[in-house]
Amino acid sequence: MRGEKLFKNTLVGVLSQAVSALTGAIVQLVFIKFMIKEYLGAKSLFSNILEFLSLAELGIGLVLVYSMYQPLAEKSERKLIALTQFYRKAYRLIAAMVFGSGLCLMPFLSFFIEDMDQVPHARLIFFLYLVSSASSYFFVYKQSILNADQRIYIVHLFSTVFSIVQCVLQILVLVSGSPYRFYYYLIVQTVLGVFKNFLLTRKASKLYPFLNSREKIPLTKEEKTAIYKNVFAMFNHRVGAVVLGSTDNLLISKFIGIIYCGIYGNFKMIVNLMNAFVGQFFNAMLSSVGNMNALESKDTVYKTFKYLHFLSFWMDTFCTVAFIELANPVLMMALTVMGVQDVQSYSFTFPTILMIGLNFYMIGIRKVPLTFKEAMGLLWNDRYKPIVEAVINVVISVAAIQMMGIAGIFFGTIFSMMVTSLWVEPLVLFRHGLKRSMKEFWAKEAVYLSFSGAMIALTHWADLQLHLTGWAEILAKLGVCLLLPNAVTAVCFCRMKEFGDLFAALRHIVFKKKTTPRAVEAAEGR
(Lines of atoms letter the chains of each structure in order from A and count residues from 1; the text may use other names and numbers.)
(Lines give C-alpha, C1' and ligand atoms only; values in the text may rest on other atoms or scores of the structure.)
Protein backbone atom coordinates (compact mmCIF):
# COMPACT_ATOMS: atom_id res chain seq x y z
CA MET A 1 0.00 0.00 0.00
CA ARG A 2 2.82 2.41 0.88
CA GLY A 3 4.52 1.70 -2.44
CA GLU A 4 1.30 2.32 -4.35
CA LYS A 5 0.74 5.65 -2.59
CA LEU A 6 4.34 6.65 -3.29
CA PHE A 7 3.88 5.77 -6.96
CA LYS A 8 0.63 7.76 -7.22
CA ASN A 9 2.07 10.78 -5.40
CA THR A 10 5.22 10.64 -7.51
CA LEU A 11 3.46 10.24 -10.85
CA VAL A 12 0.92 13.00 -10.23
CA GLY A 13 3.58 15.21 -8.63
CA VAL A 14 5.98 14.92 -11.56
CA LEU A 15 3.22 15.54 -14.10
CA SER A 16 1.90 18.48 -12.08
CA GLN A 17 5.29 20.09 -11.70
CA ALA A 18 6.08 19.45 -15.36
CA VAL A 19 2.88 21.29 -16.31
CA SER A 20 3.67 24.06 -13.84
CA ALA A 21 7.23 24.43 -15.11
CA LEU A 22 6.10 24.30 -18.75
CA THR A 23 3.38 26.93 -18.27
CA GLY A 24 5.85 29.03 -16.29
CA ALA A 25 8.36 28.76 -19.13
CA ILE A 26 5.76 29.82 -21.68
CA VAL A 27 4.74 32.84 -19.60
CA GLN A 28 8.42 33.72 -19.08
CA LEU A 29 9.08 33.71 -22.83
CA VAL A 30 6.02 35.89 -23.47
CA PHE A 31 7.18 38.19 -20.66
CA ILE A 32 10.61 38.53 -22.32
CA LYS A 33 8.93 39.30 -25.64
CA PHE A 34 6.60 42.04 -24.42
CA MET A 35 8.28 43.53 -21.32
CA ILE A 36 11.53 45.43 -20.85
CA LYS A 37 14.59 43.68 -19.35
CA GLU A 38 14.41 45.81 -16.21
CA TYR A 39 10.95 44.39 -15.39
CA LEU A 40 12.30 40.89 -15.97
CA GLY A 41 15.11 41.57 -13.50
CA ALA A 42 12.72 43.10 -10.94
CA LYS A 43 10.48 40.03 -11.25
CA SER A 44 13.35 37.71 -10.31
CA LEU A 45 14.81 39.97 -7.63
CA PHE A 46 11.56 40.71 -5.79
CA SER A 47 10.67 37.02 -5.75
CA ASN A 48 13.99 36.34 -4.01
CA ILE A 49 13.53 39.16 -1.50
CA LEU A 50 10.15 37.72 -0.57
CA GLU A 51 11.76 34.33 -0.07
CA PHE A 52 13.80 36.01 2.66
CA LEU A 53 10.65 37.45 4.19
CA SER A 54 9.15 33.96 4.13
CA LEU A 55 11.62 33.12 6.91
CA ALA A 56 8.81 34.34 9.15
CA GLU A 57 7.17 31.00 8.35
CA LEU A 58 9.95 29.46 10.48
CA GLY A 59 9.60 26.10 8.72
CA ILE A 60 6.31 25.51 10.55
CA GLY A 61 4.83 23.70 7.55
CA LEU A 62 7.33 20.85 7.70
CA VAL A 63 7.10 20.61 11.49
CA LEU A 64 3.31 20.37 11.18
CA VAL A 65 3.55 17.53 8.67
CA TYR A 66 6.06 15.67 10.85
CA SER A 67 3.89 16.10 13.96
CA MET A 68 0.94 14.49 12.14
CA TYR A 69 2.62 11.20 11.20
CA GLN A 70 2.14 9.52 14.57
CA PRO A 71 -1.48 10.62 15.23
CA LEU A 72 -2.43 9.59 11.70
CA ALA A 73 -0.88 6.15 12.24
CA GLU A 74 -2.75 5.90 15.56
CA LYS A 75 -5.98 7.42 14.10
CA SER A 76 -6.02 10.01 16.89
CA GLU A 77 -8.58 12.56 15.64
CA ARG A 78 -8.43 14.74 18.75
CA LYS A 79 -4.66 15.18 18.40
CA LEU A 80 -5.05 16.12 14.72
CA ILE A 81 -7.76 18.67 15.60
CA ALA A 82 -5.52 20.22 18.26
CA LEU A 83 -2.62 20.46 15.81
CA THR A 84 -4.63 22.14 13.04
CA GLN A 85 -6.15 24.64 15.49
CA PHE A 86 -2.70 25.51 16.80
CA TYR A 87 -1.23 25.98 13.33
CA ARG A 88 -4.19 28.03 12.10
CA LYS A 89 -3.31 30.70 14.66
CA ALA A 90 0.38 30.42 13.76
CA TYR A 91 -0.20 30.98 10.05
CA ARG A 92 -2.37 34.03 10.65
CA LEU A 93 0.44 35.52 12.71
CA ILE A 94 2.96 34.64 9.98
CA ALA A 95 0.90 36.42 7.30
CA ALA A 96 0.87 39.57 9.42
CA MET A 97 4.63 39.34 10.06
CA VAL A 98 5.48 38.89 6.36
CA PHE A 99 3.29 41.80 5.32
CA GLY A 100 4.59 44.08 8.07
CA SER A 101 8.24 43.21 7.36
CA GLY A 102 7.72 43.89 3.66
CA LEU A 103 6.23 47.31 4.33
CA CYS A 104 9.21 48.19 6.54
CA LEU A 105 11.60 47.06 3.78
CA MET A 106 10.02 49.10 0.97
CA PRO A 107 11.87 52.40 1.70
CA PHE A 108 15.22 50.56 1.44
CA LEU A 109 14.75 48.79 -1.91
CA SER A 110 17.38 51.02 -3.51
CA PHE A 111 20.01 49.25 -1.38
CA PHE A 112 19.33 46.00 -3.23
CA ILE A 113 18.93 47.54 -6.70
CA GLU A 114 22.02 49.37 -7.90
CA ASP A 115 20.13 50.84 -10.89
CA MET A 116 16.68 51.26 -9.32
CA ASP A 117 15.79 54.30 -11.42
CA GLN A 118 15.63 51.99 -14.46
CA VAL A 119 12.67 50.08 -12.95
CA PRO A 120 9.46 52.15 -13.30
CA HIS A 121 7.27 52.15 -10.17
CA ALA A 122 9.55 49.64 -8.43
CA ARG A 123 7.97 50.11 -5.00
CA LEU A 124 4.42 49.61 -6.30
CA ILE A 125 5.52 46.39 -8.04
CA PHE A 126 7.17 45.18 -4.85
CA PHE A 127 3.99 45.96 -2.90
CA LEU A 128 1.93 43.77 -5.25
CA TYR A 129 4.44 40.94 -4.85
CA LEU A 130 4.21 41.44 -1.08
CA VAL A 131 0.40 41.14 -1.09
CA SER A 132 0.68 37.95 -3.16
CA SER A 133 3.20 36.46 -0.74
CA ALA A 134 1.36 37.36 2.49
CA SER A 135 -2.01 36.15 1.18
CA SER A 136 -0.54 32.71 0.39
CA TYR A 137 -0.52 31.86 4.12
CA PHE A 138 -4.30 31.93 4.43
CA PHE A 139 -6.26 28.67 4.10
CA VAL A 140 -3.12 26.46 4.06
CA TYR A 141 -3.06 24.93 7.55
CA LYS A 142 -5.50 22.09 6.72
CA GLN A 143 -3.56 21.10 3.59
CA SER A 144 -0.72 19.67 5.67
CA ILE A 145 -2.80 16.63 6.60
CA LEU A 146 -3.03 15.71 2.89
CA ASN A 147 0.76 15.59 2.75
CA ALA A 148 1.17 13.72 6.03
CA ASP A 149 -1.49 11.17 4.99
CA GLN A 150 0.28 10.49 1.65
CA ARG A 151 -2.41 12.31 -0.37
CA ILE A 152 -0.20 15.07 -1.70
CA TYR A 153 -1.37 14.10 -5.21
CA ILE A 154 -4.62 16.00 -4.47
CA VAL A 155 -2.65 19.22 -3.96
CA HIS A 156 -0.79 18.54 -7.21
CA LEU A 157 -4.01 18.06 -9.18
CA PHE A 158 -5.39 21.40 -7.99
CA SER A 159 -2.03 23.08 -8.71
CA THR A 160 -2.00 21.70 -12.25
CA VAL A 161 -5.42 23.14 -13.09
CA PHE A 162 -4.57 26.53 -11.61
CA SER A 163 -1.18 26.63 -13.37
CA ILE A 164 -2.90 26.27 -16.72
CA VAL A 165 -5.56 28.89 -15.91
CA GLN A 166 -2.92 31.32 -14.62
CA CYS A 167 -0.77 30.78 -17.71
CA VAL A 168 -3.67 31.63 -20.07
CA LEU A 169 -4.77 34.71 -18.12
CA GLN A 170 -1.26 36.11 -17.68
CA ILE A 171 -0.47 35.69 -21.35
CA LEU A 172 -3.69 37.52 -22.28
CA VAL A 173 -2.69 40.33 -19.93
CA LEU A 174 0.88 40.56 -21.27
CA VAL A 175 -0.17 40.74 -24.94
CA SER A 176 -3.01 43.20 -24.23
CA GLY A 177 -0.78 46.24 -24.72
CA SER A 178 -2.16 47.92 -21.58
CA PRO A 179 0.31 50.22 -19.80
CA TYR A 180 -0.80 48.54 -16.55
CA ARG A 181 -0.30 44.98 -17.76
CA PHE A 182 2.50 44.16 -15.28
CA TYR A 183 0.20 45.08 -12.40
CA TYR A 184 -2.66 42.99 -13.83
CA TYR A 185 -0.17 40.14 -14.27
CA LEU A 186 0.59 40.21 -10.53
CA ILE A 187 -3.08 40.60 -9.53
CA VAL A 188 -3.98 37.46 -11.51
CA GLN A 189 -1.23 35.57 -9.64
CA THR A 190 -2.51 36.73 -6.23
CA VAL A 191 -6.23 36.09 -6.78
CA LEU A 192 -5.73 32.62 -8.24
CA GLY A 193 -3.29 31.66 -5.47
CA VAL A 194 -5.79 32.56 -2.73
CA PHE A 195 -8.66 30.82 -4.56
CA LYS A 196 -6.62 27.63 -5.01
CA ASN A 197 -5.74 27.49 -1.29
CA PHE A 198 -9.39 28.10 -0.40
CA LEU A 199 -10.58 25.18 -2.55
CA LEU A 200 -7.87 22.87 -1.18
CA THR A 201 -8.91 23.72 2.36
CA ARG A 202 -12.52 22.81 1.51
CA LYS A 203 -11.32 19.52 0.01
CA ALA A 204 -9.35 18.67 3.16
CA SER A 205 -12.42 19.50 5.27
CA LYS A 206 -14.51 17.03 3.26
CA LEU A 207 -11.92 14.24 3.48
CA TYR A 208 -11.33 14.81 7.20
CA PRO A 209 -14.66 16.17 8.51
CA PHE A 210 -13.51 15.90 12.12
CA LEU A 211 -11.22 18.88 11.45
CA ASN A 212 -14.34 21.07 11.25
CA SER A 213 -14.99 20.51 14.96
CA ARG A 214 -15.65 23.73 16.88
CA GLU A 215 -14.48 22.17 20.13
CA LYS A 216 -11.35 23.86 21.42
CA ILE A 217 -8.74 21.16 22.01
CA PRO A 218 -5.46 22.62 23.28
CA LEU A 219 -2.12 20.92 22.97
CA THR A 220 -0.40 19.85 26.17
CA LYS A 221 2.56 21.80 27.52
CA GLU A 222 4.89 18.94 26.54
CA GLU A 223 3.52 18.87 22.99
CA LYS A 224 3.94 22.62 22.58
CA THR A 225 7.48 22.41 23.93
CA ALA A 226 8.35 19.73 21.35
CA ILE A 227 6.84 21.85 18.57
CA TYR A 228 8.70 25.00 19.65
CA LYS A 229 11.95 23.04 19.80
CA ASN A 230 11.46 21.69 16.28
CA VAL A 231 10.35 25.09 14.98
CA PHE A 232 13.51 26.73 16.34
CA ALA A 233 15.64 24.07 14.68
CA MET A 234 13.65 24.28 11.44
CA PHE A 235 14.00 28.06 11.38
CA ASN A 236 17.77 27.68 11.30
CA HIS A 237 17.42 25.20 8.44
CA ARG A 238 15.11 27.61 6.62
CA VAL A 239 17.69 30.38 6.99
CA GLY A 240 20.33 28.18 5.39
CA ALA A 241 18.02 27.07 2.57
CA VAL A 242 16.85 30.60 1.79
CA VAL A 243 20.39 32.00 1.81
CA LEU A 244 21.56 29.22 -0.51
CA GLY A 245 18.63 29.66 -2.87
CA SER A 246 17.90 33.35 -2.74
CA THR A 247 21.12 35.33 -2.33
CA ASP A 248 22.15 34.76 -5.95
CA ASN A 249 19.86 37.43 -7.40
CA LEU A 250 20.57 39.83 -4.54
CA LEU A 251 24.31 39.62 -5.21
CA ILE A 252 23.83 39.83 -8.97
CA SER A 253 21.64 42.93 -8.58
CA LYS A 254 24.02 44.59 -6.12
CA PHE A 255 27.35 43.89 -7.84
CA ILE A 256 26.49 43.40 -11.52
CA GLY A 257 23.08 44.86 -12.37
CA ILE A 258 19.38 44.07 -12.22
CA ILE A 259 19.19 43.15 -15.92
CA TYR A 260 21.38 40.10 -15.22
CA CYS A 261 18.88 38.99 -12.55
CA GLY A 262 16.40 38.55 -15.37
CA ILE A 263 18.90 36.65 -17.51
CA TYR A 264 19.71 34.30 -14.63
CA GLY A 265 15.96 33.95 -14.06
CA ASN A 266 15.69 32.27 -17.47
CA PHE A 267 18.23 29.62 -16.49
CA LYS A 268 16.58 29.27 -13.10
CA MET A 269 13.40 28.50 -15.02
CA ILE A 270 15.17 25.57 -16.68
CA VAL A 271 16.46 24.38 -13.30
CA ASN A 272 12.87 24.49 -12.04
CA LEU A 273 11.83 22.35 -15.00
CA MET A 274 14.45 19.76 -14.00
CA ASN A 275 13.18 19.89 -10.44
CA ALA A 276 9.78 18.96 -11.82
CA PHE A 277 11.43 15.75 -12.98
CA VAL A 278 13.53 15.07 -9.88
CA GLY A 279 12.29 17.11 -6.94
CA GLN A 280 8.69 15.98 -6.85
CA PHE A 281 9.70 12.35 -6.41
CA PHE A 282 11.39 13.21 -3.13
CA ASN A 283 8.57 15.52 -2.03
CA ALA A 284 6.15 12.61 -2.53
CA MET A 285 8.60 10.30 -0.77
CA LEU A 286 8.70 12.41 2.42
CA SER A 287 5.33 11.29 3.78
CA SER A 288 6.01 7.65 2.84
CA VAL A 289 9.34 7.71 4.70
CA GLY A 290 7.66 9.32 7.70
CA ASN A 291 5.02 6.59 7.71
CA MET A 292 7.68 3.88 7.29
CA ASN A 293 9.77 5.28 10.14
CA ALA A 294 6.73 5.26 12.42
CA LEU A 295 5.82 1.63 11.65
CA GLU A 296 8.89 -0.28 10.37
CA SER A 297 12.33 -1.32 11.64
CA LYS A 298 15.58 0.63 11.09
CA ASP A 299 16.82 -2.12 8.75
CA THR A 300 13.74 -1.66 6.58
CA VAL A 301 14.26 2.10 6.44
CA TYR A 302 17.97 1.69 5.62
CA LYS A 303 17.33 -0.72 2.77
CA THR A 304 14.93 1.78 1.20
CA PHE A 305 17.45 4.57 1.78
CA LYS A 306 20.16 2.74 -0.17
CA TYR A 307 18.28 2.18 -3.38
CA LEU A 308 16.72 5.66 -3.31
CA HIS A 309 20.20 7.11 -2.80
CA PHE A 310 21.32 5.28 -5.93
CA LEU A 311 18.26 6.51 -7.86
CA SER A 312 18.96 10.08 -6.77
CA PHE A 313 22.58 9.84 -7.98
CA TRP A 314 21.45 8.51 -11.39
CA MET A 315 18.71 11.11 -11.91
CA ASP A 316 20.83 14.06 -10.76
CA THR A 317 23.77 13.02 -12.95
CA PHE A 318 21.58 12.85 -16.05
CA CYS A 319 19.81 16.16 -15.33
CA THR A 320 23.08 17.97 -14.59
CA VAL A 321 24.70 16.73 -17.78
CA ALA A 322 21.62 17.72 -19.81
CA PHE A 323 21.50 21.21 -18.28
CA ILE A 324 25.17 21.94 -18.87
CA GLU A 325 25.01 20.87 -22.51
CA LEU A 326 21.52 22.05 -23.51
CA ALA A 327 20.60 25.10 -21.41
CA ASN A 328 22.19 27.76 -23.65
CA PRO A 329 21.20 26.35 -27.07
CA VAL A 330 17.62 25.53 -25.99
CA LEU A 331 17.07 28.97 -24.46
CA MET A 332 18.57 30.74 -27.48
CA MET A 333 16.35 28.73 -29.83
CA ALA A 334 13.23 29.41 -27.76
CA LEU A 335 13.91 33.15 -27.75
CA THR A 336 14.60 33.09 -31.49
CA VAL A 337 11.27 31.37 -32.14
CA MET A 338 9.55 34.03 -30.02
CA GLY A 339 11.10 36.71 -32.21
CA VAL A 340 13.24 38.23 -29.45
CA GLN A 341 16.01 40.49 -30.72
CA ASP A 342 19.68 40.05 -29.76
CA VAL A 343 19.17 36.60 -28.21
CA GLN A 344 22.89 36.20 -27.47
CA SER A 345 22.60 38.88 -24.78
CA TYR A 346 20.45 36.41 -22.82
CA SER A 347 23.15 33.70 -22.75
CA PHE A 348 25.79 32.86 -20.13
CA THR A 349 29.37 31.67 -20.65
CA PHE A 350 30.22 27.99 -20.19
CA PRO A 351 31.92 28.48 -16.76
CA THR A 352 28.75 30.11 -15.43
CA ILE A 353 26.52 27.38 -16.89
CA LEU A 354 28.85 24.75 -15.39
CA MET A 355 28.61 26.34 -11.94
CA ILE A 356 24.80 26.56 -12.12
CA GLY A 357 24.69 22.91 -13.16
CA LEU A 358 27.02 21.79 -10.37
CA ASN A 359 24.96 23.83 -7.91
CA PHE A 360 21.87 21.88 -8.99
CA TYR A 361 23.79 18.60 -8.64
CA MET A 362 25.03 19.38 -5.13
CA ILE A 363 21.52 20.20 -3.96
CA GLY A 364 20.23 17.06 -5.69
CA ILE A 365 22.59 14.55 -4.09
CA ARG A 366 21.62 15.88 -0.66
CA LYS A 367 17.93 15.17 -1.24
CA VAL A 368 17.74 11.58 0.00
CA PRO A 369 19.75 12.02 3.24
CA LEU A 370 17.91 15.29 3.87
CA THR A 371 14.47 13.77 3.17
CA PHE A 372 15.08 10.85 5.51
CA LYS A 373 16.52 13.14 8.19
CA GLU A 374 13.52 15.47 8.04
CA ALA A 375 11.01 12.60 7.90
CA MET A 376 12.57 11.23 11.11
CA GLY A 377 12.25 14.62 12.77
CA LEU A 378 16.02 15.08 13.17
CA LEU A 379 15.91 18.87 12.97
CA TRP A 380 17.49 19.71 16.31
CA ASN A 381 20.73 17.78 15.94
CA ASP A 382 22.26 20.03 13.24
CA ARG A 383 20.37 23.22 14.05
CA TYR A 384 23.45 25.46 13.79
CA LYS A 385 24.80 23.96 10.56
CA PRO A 386 22.60 26.11 8.25
CA ILE A 387 23.78 29.34 9.89
CA VAL A 388 27.44 28.40 9.39
CA GLU A 389 26.67 27.35 5.82
CA ALA A 390 24.89 30.65 5.09
CA VAL A 391 27.78 32.75 6.41
CA ILE A 392 30.35 30.78 4.38
CA ASN A 393 28.16 31.07 1.28
CA VAL A 394 27.85 34.85 1.43
CA VAL A 395 31.54 35.45 2.28
CA ILE A 396 32.92 33.16 -0.43
CA SER A 397 30.39 34.36 -3.04
CA VAL A 398 31.20 38.04 -2.46
CA ALA A 399 34.94 37.28 -2.68
CA ALA A 400 34.61 35.02 -5.75
CA ILE A 401 32.41 37.43 -7.70
CA GLN A 402 35.35 39.83 -7.86
CA MET A 403 37.47 37.21 -9.64
CA MET A 404 34.96 35.04 -11.52
CA GLY A 405 31.99 37.34 -12.15
CA ILE A 406 28.55 35.72 -11.94
CA ALA A 407 30.11 32.24 -11.86
CA GLY A 408 31.72 33.16 -8.54
CA ILE A 409 28.31 33.50 -6.88
CA PHE A 410 27.45 29.88 -7.65
CA PHE A 411 30.95 28.75 -6.73
CA GLY A 412 30.39 30.20 -3.27
CA THR A 413 27.14 28.24 -2.90
CA ILE A 414 28.79 24.98 -4.02
CA PHE A 415 31.76 25.50 -1.69
CA SER A 416 29.54 26.19 1.33
CA MET A 417 27.55 22.99 0.73
CA MET A 418 30.71 20.90 0.35
CA VAL A 419 32.19 21.98 3.68
CA THR A 420 28.92 21.70 5.65
CA SER A 421 25.72 20.01 4.41
CA LEU A 422 27.34 17.34 2.24
CA TRP A 423 28.76 15.55 5.30
CA VAL A 424 26.82 16.95 8.29
CA GLU A 425 23.34 15.88 7.10
CA PRO A 426 24.30 12.22 6.48
CA LEU A 427 26.22 12.18 9.78
CA VAL A 428 23.11 13.25 11.72
CA LEU A 429 20.93 10.76 9.84
CA PHE A 430 23.19 7.78 10.47
CA ARG A 431 24.14 8.63 14.05
CA HIS A 432 20.71 9.61 15.38
CA GLY A 433 18.24 8.11 12.90
CA LEU A 434 19.52 4.95 11.23
CA LYS A 435 21.98 4.26 14.09
CA ARG A 436 24.59 2.44 12.05
CA SER A 437 28.11 2.85 10.61
CA MET A 438 28.64 5.25 7.70
CA LYS A 439 31.48 3.32 6.02
CA GLU A 440 29.27 1.81 3.33
CA PHE A 441 27.58 5.18 2.67
CA TRP A 442 30.84 7.11 2.25
CA ALA A 443 32.34 4.44 0.01
CA LYS A 444 29.35 4.66 -2.33
CA GLU A 445 29.14 8.43 -2.09
CA ALA A 446 32.78 8.69 -3.25
CA VAL A 447 32.01 6.39 -6.20
CA TYR A 448 28.88 8.35 -7.11
CA LEU A 449 30.60 11.75 -6.99
CA SER A 450 33.58 10.56 -9.05
CA PHE A 451 31.37 8.86 -11.60
CA SER A 452 29.16 11.95 -12.01
CA GLY A 453 32.21 14.14 -12.60
CA ALA A 454 33.48 11.70 -15.23
CA MET A 455 30.08 11.69 -16.99
CA ILE A 456 29.98 15.50 -17.10
CA ALA A 457 33.48 15.62 -18.63
CA LEU A 458 32.86 12.75 -21.08
CA THR A 459 29.54 14.12 -22.33
CA HIS A 460 30.95 17.62 -22.79
CA TRP A 461 33.89 16.21 -24.75
CA ALA A 462 31.50 14.24 -26.97
CA ASP A 463 29.35 17.32 -27.62
CA LEU A 464 32.42 19.37 -28.58
CA GLN A 465 32.99 16.97 -31.47
CA LEU A 466 29.59 17.72 -33.06
CA HIS A 467 30.24 21.18 -34.66
CA LEU A 468 26.53 21.79 -35.36
CA THR A 469 24.16 24.74 -35.00
CA GLY A 470 20.43 25.36 -34.66
CA TRP A 471 17.99 22.49 -34.30
CA ALA A 472 20.60 20.01 -35.46
CA GLU A 473 22.83 20.97 -32.52
CA ILE A 474 19.98 20.65 -30.01
CA LEU A 475 18.79 17.26 -31.30
CA ALA A 476 22.32 15.85 -31.50
CA LYS A 477 23.23 17.04 -27.98
CA LEU A 478 19.93 15.72 -26.65
CA GLY A 479 20.71 12.31 -28.12
CA VAL A 480 24.18 12.29 -26.56
CA CYS A 481 22.82 13.37 -23.17
CA LEU A 482 20.10 10.71 -23.22
CA LEU A 483 22.27 7.82 -24.36
CA LEU A 484 25.81 8.32 -23.07
CA PRO A 485 25.46 8.93 -19.28
CA ASN A 486 22.44 6.63 -18.87
CA ALA A 487 23.93 3.74 -20.83
CA VAL A 488 27.28 3.98 -19.04
CA THR A 489 25.54 4.18 -15.65
CA ALA A 490 23.43 1.10 -16.40
CA VAL A 491 26.43 -0.92 -17.58
CA CYS A 492 28.67 0.07 -14.67
CA PHE A 493 26.13 -0.40 -11.87
CA CYS A 494 23.86 -3.19 -13.15
CA ARG A 495 25.44 -5.78 -10.79
CA MET A 496 25.05 -3.61 -7.70
CA LYS A 497 22.36 -4.73 -5.23
CA GLU A 498 20.73 -1.28 -5.14
CA PHE A 499 20.23 -1.48 -8.91
CA GLY A 500 18.33 -4.76 -8.58
CA ASP A 501 16.31 -3.61 -5.55
CA LEU A 502 15.32 -0.40 -7.31
CA PHE A 503 13.95 -2.11 -10.40
CA ALA A 504 12.33 -4.85 -8.34
CA ALA A 505 10.45 -2.18 -6.38
CA LEU A 506 9.40 -0.36 -9.55
CA ARG A 507 8.15 -3.59 -11.12
CA HIS A 508 6.07 -4.35 -8.05
CA ILE A 509 4.54 -0.87 -7.93
CA VAL A 510 3.75 -0.64 -11.66
CA PHE A 511 2.95 -4.31 -12.40
CA LYS A 512 1.50 -5.55 -9.13
CA LYS A 513 0.40 -8.91 -10.52
CA LYS A 514 3.82 -9.83 -11.88
CA THR A 515 5.96 -9.71 -8.78
CA THR A 516 8.44 -11.82 -6.87
CA PRO A 517 8.92 -11.91 -3.09
CA ARG A 518 12.03 -9.77 -3.52
CA ALA A 519 10.03 -7.18 -5.46
CA VAL A 520 7.35 -6.96 -2.78
CA GLU A 521 10.00 -6.58 -0.06
CA ALA A 522 11.87 -3.89 -2.00
CA ALA A 523 8.72 -1.90 -2.72
CA GLU A 524 7.67 -1.93 0.93
CA GLY A 525 11.27 -1.38 2.11
CA ARG A 526 11.55 -4.79 3.79
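Numbered according to the working numbering, the sequence shown spans residues 533 to 1058.
Ideal Cβ positions, reconstructed from N, Cα and C, are used throughout, including at glycine.
Three-way DSSP call (helix, strand, coil) for residue i in this model
i       : result
Met908  : coil
Ile841  : Reading off the sequence shown, one finds His at residue 841, where the question assumed Ile. The answer is helix: DSSP assigns His841 an H, G or I state.
Asn804  : helix
Thr1059 : Any question about residue 1059 goes unanswered here, given that the chain covers just 533 to 1058.
Glu609  : helix
Phe880  : coil
Pro652  : coil
Thr1001 : coil
Tyr834  : helix
Gln702  : helix
Ser576  : helix
Tyr740  : coil
Val853  : helix
Ile684  : helix
Arg770  : helix
Ser668  : coil
Gly797  : helix
Tyr598  : helix
Asp914  : coil
Ser552  : helix
Ser982  : helix
Glu570  : helix
Gly583  : Correcting the residue identity first, residue 583 is Glu in this sequence and not Gly. If DSSP states are grouped into helix, strand and coil, Glu583 belongs with the helices.
Gln560  : helix
Val546  : helix
Arg734  : helix
Met870  : coil
Glu828  : coil
Tyr712  : coil
Met894  : helix
Glu921  : helix
Proximity test, residue i beta-carbon vs the ligand SAH heavy atom, cut-off 7 Å
i      : result
Leu701 : Looking for the ligand SAH in the displayed structure turns up nothing, as the structure carries no ligands at all.
Which listed residue (the options) has its alpha carbon closest to that of residue i
i       : options                         : result
Phe643  : Phe947, Asn744, Ser785          : Ser785
Thr852  : Ser829, Met936, Ala994, Ile802  : Ile802
Ile928  : Thr945, Asp914, Lys917          : Thr945
Gly725  : Pro750, Val672, Pro711          : Val672
Ala975  : Ala758, Tyr717, Phe842, Phe1035 : Phe842
Ile592  : Gln560, Lys748, Ala627          : Ala627
Ser877  : Asp848, Asn913, Cys793          : Cys793
Leu554  : Asp874, Leu990, Phe809          : Phe809
Gln997  : Ala622, Ile897, Val1012         : Val1012
Leu660  : Pro603, Lys575, Val595, Ser691  : Lys575
Lys838  : Ile895, Asn804, Phe973          : Phe973
Phe618  : Met865, Pro750, Ala1022, Arg746 : Pro750
Tyr598  : Ala1036, Thr616, Thr722         : Thr616
Leu635  : Leu585, Leu596, Ser691          : Leu585
Ala854  : Ile564, Leu1007, Pro901         : Leu1007
Ala1019 : Met987, Val875, Asp1033         : Met987
Pro901  : Ile919, Leu910, Glu957          : Glu957
Burial state of residue i (16 or more Cβ within 10 Å)
i       : result
His769  : buried
Ser708  : exposed
Gly545  : buried
Met600  : buried
Tyr893  : buried
Leu886  : buried
Lys756  : exposed
Ser548  : buried
Val693  : exposed
Phe727  : exposed
Tyr717  : buried
Pro1049 : Low confidence applies here, because Pro1049 scores a pLDDT of 43, under 50, leaving its location unreliable; read the following figure in that light. Answer is exposed; the Cβ neighbour count stays below 16.
Thr492  : In the structure as shown, the chain starts at 533 and stops at 1058, and residue 492 therefore has no counterpart that could be examined.
Asp831  : exposed
Asn744  : exposed
Glu754  : exposed
Ala907  : buried
Trp846  : buried
Arg683  : buried
Ser552  : buried
Contact belief for residue i with residue j at Cβ below 8 Å, rounded distance in angstroms
i       : j      : result
Phe742  : Ile613 : 6 Å
Arg655  : Met638 : 5 Å
Phe904  : Leu981 : That belief does not hold up - the Cβ atoms of Phe904 and Leu981 are roughly 19 Å apart, past 8 Å.
Tyr740  : Ile686 : Their Cβ separation, rounded to whole angstroms, is 12 Å, which puts Tyr740 and Ile686 out of contact at 8 Å.
Lys1009 : Leu805 : So it is not a contact: roughly 16 Å between Cβ atoms.
Ala680  : Leu604 : 6 Å
Ala666  : Phe640 : At roughly 18 Å, the Cβ-Cβ gap does not stay under 8 Å, so Ala666 and Phe640 are not in contact.
- Message: As an exercise, report each continuous alpha helix (DSSP H) stretch of at least 4 residues that is fully enclosed by the region 615-645, in chain order.
- Response: Whole alpha helix (DSSP H) segments, 4+ residues: 641-644.
- Query: Hey, which unbroken runs of the alpha helix (DSSP H) at 4 residues or more fall wholly within the region 927-975?
  - Reply: Fully enclosed alpha helix (DSSP H) runs of 4 or longer: 938-951, 953-960.
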